[in-house]
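Counting from 446, one number per residue, gives the positions in the sequence shown under my numbering. Heads up, the beta-carbon is just placed ideally off N, CA and C, and yes, glycines get one too. Inspection log for the structure reproduced underneath, given as structure tokens.
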Amino acid sequence: MSSKRFRGKLCVYCSDRPSVTGDHVFAREFFLPEVRANLPQVPVCDRCNNDKSKLEHYLTALLPFGGRHAHAHENLATQVPGRLAKNQRLARELIAGRGRIWHLEGGIVQPTMTMPIDPHRTCELFAQIGRGLAWYHWGTYLQPGQMSEALFLSNFGREFFARIFSMNAANRVQHNLGKGTVSYSGVQAADTPQLTLWRVHFYGGMVLSGDPQAPNAIATEIAIVTGPKRIVGLLTERPQ
Ligand SMILES: [Zn+2]
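Next up, the structure:
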């Protein structure tokens, strides 16, 4: 596909520099080759494209380990080894941090392998994904004084976010990409178009942050909030 239509616009990630190409909001490598058609794309500048690719190199190798969706398992078997072979440092980091936890799922407690996911890099990428989705669906650019933040949703966070999701919205969207590899829903506030909320489900839900002492801390969804800094800060403050 030509990337021409994504050139010479404003970059959706920094709202500052001119775009040079199209960026896949969710990197193509998260998906198996046969389901990569028609993934959302947005205009990106050279700098943001480069920064986002670095995060994607890390997370396309890592996230399939936590997935429950069949494609995550196939991705792990067929795509990830090649990526890790090219990145020995990451391979060693993963092997060193591997662990096992007991995870309650569907009423059954099962042993689950955990991986040392760097929450900062993960949230950084998903914050960018939030900016991409806000533009892709509603043509929204964040303004100075606005930001995007991502966080893992624990059970507590899910209830909290479900309440916010029922807010008075100008727009709502629900999407499924790559046969359920990624599904997400979003709302856009009625009064502030840049205020958007997203819930992203990756690989059928993942065990992203396992604390064996507190099973409720296991997150299976990622939430993203974009908009005015004050509101984003309030919504993404960690619950006590
Ligand atoms: Zn940019």
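### Query
Distance, Cα to Cα, Phe597 vs Phe647?
The residue you call residue 597 lines up with position 152 of the sequence shown. The residue you call residue 647 lines up with position 202 of the sequence shown. If you take the alpha carbons of Phe597 and Phe647, they lie about 12 Å apart.
### Query
Beta-carbon separation of Gly409 and His514 under 7 Å?
Missing from the structure shown is residue 409; the chain here goes from 446 to 685 and no further.
### Query
So, Pro638 versus Thr585, is the Cβ gap smaller than 7 Å?
Position 193 of the sequence shown, counting from 1, holds the residue named residue 638. Position 140 of the sequence shown, counting from 1, holds the residue named residue 585. For the pair Pro638 and Thr585, the CB atoms are nearer than the 7 Å cut-off.
### Task
Report whether the distance from the Cβ of Cys568 to the nearest heavy atom of ligand 1 is below 6 Å.
Position 123 of the sequence shown, counted from the first residue, corresponds to residue 568. Judged by the Cβ position, Cys568 fails to qualify as a neighbour of ligand 1 at the 6 Å threshold, every heavy atom of the ligand being at least this far.
#### Entry: Limits of the alpha helix (DSSP H) - the one that Tyr503 falls within
Working through the sequence shown from its first residue, we reach residue 503 at position 58. Residues 491 to 507.
### Message
Residues in the same chain with beta-carbon distance under 8 Å from Leu587, minus the five sequence neighbours each way, listed in chain order, please.
### Response
In the sequence shown, the residue the question calls residue 587 occupies position 142. If we look at Leu587 and ignore the five residues flanking it on each side, its Cβ neighbours are Ser460, Arg576, Ala579, Ser593, Gln639, Thr671, Gly672.
### Query
Under 6 Å from any heavy atom of ligand 1, does the C-beta of Tyr629 make it?
Looking up residue 629 in the sequence shown gives position 184. For Tyr629, the Cβ stays outside the 6 Å cut-off from all heavy atoms of ligand 1.
### Message
So, under 8 Å CB-CB, Glu474 and Thr523 are touching, yes? Tell me the CB distance rounded to an integer number of Å.
### Response
The count along the sequence shown starts at 1 and reaches residue 474 at position 29. The count along the sequence shown starts at 1 and reaches residue 523 at position 78. 12 Å between Cβ atoms; not a contact.
### Query
Based on Cα-Cα distance, which residue from Val627, Phe510, Asn613 lies nearest to Gln619?
As a position in the sequence shown, residue 619 is number 174, starting the count at 1. That would be Val627, whose Cα lies nearest to the Cα of Gln619.
### C-alpha gap between Pro660 and Asn616, whole angstroms
If you number the sequence shown from 1, residue 660 lands on position 215. If you number the sequence shown from 1, residue 616 lands on position 171. Confidence at Pro660 is low in this model, with a pLDDT of 47, below 50, so the placement of that residue should be treated as unreliable; the coordinate-derived value is given next. Computed Cα separation, rounded: 34 Å.
### Message
Any residue with its C-beta under 5 Å from a non-hydrogen atom of ligand 1 counts. Can you list them all in chain order?
### Response
Residues with a Cβ closer than 5 Å to any heavy atom of ligand 1, in chain order: Cys456, Tyr458, Cys459, Arg462, Cys490, Cys493.
#### Entry: Beta-bridge pairing of Tyr629 - partner residues as DSSP gives them
Position 184 of the sequence shown, counted from the start, is the residue given in the question as residue 629. In the DSSP output, where bridge partners are listed per residue, Tyr629 has His620, Val645.
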